[in-house]
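This note's numbering runs 69 ahead of the 1-based position in the sequence shown. No residue lacks a Cβ here, since even glycine has one placed at the ideal position from N, Cα and C. All of these numbers come straight from a predicted model, not from anything done at the bench.
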Amino acid sequence: MIDCEELRQYAYCPRIPYWHHVLRLQPPSTFKIRRGKKFHQEIWKKARRWKIFENCKADHGVLLYSEKLGLKGKLDILLECEENLIPVEVKYGSKNVSIPVFSHIIQLVGYSLLVEDVFKRKVRYGFIVYADRNKLVKISIDEKLRRKAISIINEVKKIIEKEYFPAVAERRGKCSQCEYFYACKGV
């Protein structure tokens, strides 16, 4: 069973699931990681004032699990607005991001797949909230994104089951920001 967070990490760099699952390395707890965890604990108080909550029922920290997908996750916020179920992923520490990065989008799509499987209702769109910039981005969940997320789920499973060591991220500039840099450098 893989976590939606690992879809984001795979999209950042395919080696991260290898380090985490195959070698069972635990990255050091950095200031950035601790700050993000604290932020997620506090965000719910602020989130209820956001405009997207108008006329919607909202739950936070929604645990989702799908045996069929081999996927699980803890969704930041799930909105129910009339007939629509809308997953909301909250990000912090993305001040330099002008548009949503693919890794954030694919994580949201993973949550969308979980919502669809658990609640048996189609997800048409979701939101990524960049809270430190007060930016809300609507993401349409189309078939192309669904297929890509399923492909990544299968790739992560392959890495884990076959102990396959994947190539490093295409954009090596990301490496210095990676929590597994200490393990990966020079490999």
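ask   = How would you call PRO97, buried or exposed, if buried means at least 16 neighbouring beta carbons within 10 angstroms?
value = exposed
ask   = Which one of LYS207, ASN203, VAL187 and ASP201 has the shortest CA to CA distance from ARG193?
value = LYS207
ask   = Do you know whose CA, among GLU74, ILE222 and CYS150, lies nearest ILE121's CA?
value = CYS150
key: Option nearest LEU148 by Cα separation, candidates PHE250, PHE188 and VAL237   = PHE188
message = Let's see if you can read the secondary structure: which residues bound the alpha helix (DSSP H) around ASP201?
response = Run containing ASP201: none; DSSP gives neither H nor E here.
ask   = If you run the structure through DSSP and keep just helix, strand and coil, what is LYS137?
value = coil
query = Where does the unbroken beta strand (DSSP E) through ASN153 begin, and where does it stop?
reply = 153-160
ask   = Going along the chain, which residues of its own chain have a beta-carbon closer than 6 Å to the beta-carbon of PRO83, five neighbours each way excluded?
value = PRO235
Range covered by the alpha helix (DSSP H) that runs through CYS253 = 250-253
key: CA-to-CA distance, ASN124 to TRP88, given in whole angstroms   = 43 Å
message = Is the separation between the beta-carbon of GLY139 and that of LEU183 shorter than 8 Å?
response = no
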